[in-house]
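As structure tokens, the structure follows; a few thoughts come after it.
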């Protein structure tokens, strides 16, 4: 009788453990997927802002054709790469960041443009979108770290193996990009 | 991080319990003084619980109204909104409601009961003197308060301390006006009654101080923690360091800040005695420090630079 109760208690505890751990794993895995789609949302927002920015700068510096073409080409490239591997995507986005930097460098030479309200707010939007891209990558990596720790540590690793939870990859940033970019306002 | 959140929730509970206990003690004291007996205690406890309930659900609105905060609408606050959105993405938090306090003194605070019902407020002075990375550092500090549930502890403390102080104050006032006939009764019942009355009076005087000390004990260490976890969000300590240095140079006092709301702000909004008089005696400074809601800015900067 007593032994029966003990066995029943152990079984109930085990089932509880499995349910709680499994649900926790699913939750963290979904958070990673959500974090990953956040990156895409912010990238798309940057793509959407660029034509506006190019038009505004064109109004003041029409002869800087080379820069506009470079930005537009890099943007088209980045949008195409969105369907490719994450690595190709990261490369295209980094190239786009580079051309945007040269666009803002060009703008420095035009005082009228720098005083334009529309340009200023676009600059603010692009800067903050780039921040958000970085932050969403950071959050993605933080989530991956938490998830990988969870599925590799005992005792959850037993369950993770049984239900096929596999470790996720980190998002690697551009190694040449270190520290925040200082933008003069 | 998660331990910090659990600790804060536990602390909130303890504080609410201590608060109900203090109210009950004050009620007993009033009962002894006015010979009303213990009947007053359940009434007081009901009132205390009602106050705790209100402070849980209304404290953010009270704190915002007390500081004259206005919703931050309009294109001039685009940067403020963008920075908070970015930090919220990094922290995995919903975006809090954003407010602005029209005040030249640079300062900021966070309030609310949980991340889903949080609000941030900054002064116009802060927006004016901070550059982008500095403002981001300050906002990350405030968001850390949101994420760690510090806002819950401090907003509850604000309302609870206010309530205890108010009750004790009322009790003392009643005593001066209505105490005459009661005192005669006390004399009749002999020495024990007098001692009880003195004890009750002492309790009434000390209750607000006890409540205040309780409030400060939870507030100071938390600021250092919020600095650290704020930097964990931005991954850029120099931003917050240079923001704190700017705050250090600035000596303007926030107009609509009181002792009660002091602990909500990123920097103590009140004038500090040791700021005003550098030649203060060592003992005076130490006592002041106990009543400070915030660690000295120099200490916080040093802690960040050591990272």
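Chains as they are written, first to last, in our numbering: chain G, 2 to 186; chain S, 24 to 330. Just so it is clear, CB atoms sit at the ideal spot from N, CA and C, and this is done for glycine as well.
**Study point:** Whole-angstrom distance between residue 272 of chain S and residue 298 of chain S, CA atom to CA atom
**Key:** Residue placement at residue 298 of chain S cannot be trusted, given a pLDDT of 38 that sits under 50; what the coordinates show is reported in the next sentence. Each residue's alpha carbon lies about 11 Å from the other.
Check your understanding: How far does the alpha helix (DSSP H) with residue 30 of chain G in it reach, from first residue to last?
Key -> 3-61
**Study point:** Residues near residue 176 of chain S in its chain [Cβ-Cβ closer than 6 Å; skip 5 each side]
**Key:** 31, 34, 35 and 241
Review point. Would a C-beta distance cut-off of 7 Å place residue 160 of chain G and residue 29 of chain G closer than the cut-off?
Key: no
Exercise for review: Give the interface partners of residue 251 of chain S over in chain G, defined as CB-CB distance under 7 Å, in chain order.
Suggested key: The premise fails here: residue 251 of chain S is roughly 16 Å from chain G at the closest Cβ pair, so nothing lies under 7 Å.
Review point. Going straight from the alpha carbon of residue 318 of chain S to that of residue 113 of chain G, what length do you get?
Key: 46 Å
Check your understanding: On the three-state DSSP scale, how would you describe residue 120 of chain S?
Key -> strand
Check your understanding: Residues of chain S with CB under 7 Å from residue 39 of chain G, in chain order?
Key -> 112
Practice item. Starting from residue 132 of chain S, trace the alpha helix (DSSP H) both ways and give me its first and last residue. Key: Not the alpha helix (DSSP H): residue 132 of chain S falls in the beta strand (DSSP E), residues 131-135.
**Study point:** Within-7 Å CB hit, residue 70 of chain G to chain S
**Key:** no
Review point. Given 8 Å as the limit, is there contact between the region 163-170 of chain S and the region 131-144 of chain S, that is, 3 or more CB pairs closer than that?
Key: yes
Point to revise | With 16 other Cβ atoms within 10 Å as the buried cut-off, status of residue 52 of chain G | key: Label assigned to residue 52 of chain G: exposed.
**Study point:** Per-residue DSSP class, three states only, for residue 106 of chain G
**Key:** helix
**Study point:** Inter-residue spacing [alpha-carbon to alpha-carbon] between residue 48 of chain G and residue 20 of chain G
**Key:** 43 Å
Point to revise | Exposure label - residue 76 of chain S; buried when at least 16 CB within 10 Å | key: exposed
Exercise for review: State the DSSP-derived secondary structure class of residue 71 of chain S, mapped to helix, strand or coil.
Suggested key: helix
**Study point:** Residues near residue 139 of chain S in its chain [Cβ-Cβ closer than 7 Å; skip 5 each side]
**Key:** 117
Review point. Bridge partners of residue 143 of chain S, per DSSP?
Key: S/121 and S/133
**Study point:** Within-7 Å CB hit, residue 132 of chain G to chain S
**Key:** yes
**Study point:** Nearest to residue 96 of chain G (by Cα), restricted to the options G/56, G/77, G/50 and G/129
**Key:** G/77
Check your understanding: Terminal residues of the continuous beta strand (DSSP E) containing residue 94 of chain S?
Key -> 92-94
Point to revise | Contact the region 82-93 of chain G vs the region 63-74 of chain G: 3+ CB pairs below 8 Å | key: Contact between the region 82-93 of chain G and the region 63-74 of chain G is absent: fewer than three C-beta pairs spanning the two stretches fall below 8 Å.
Practice item. Could you tell me whether any Cβ in chain S is nearer than 7 Å to the Cβ of residue 141 of chain G? Key: no
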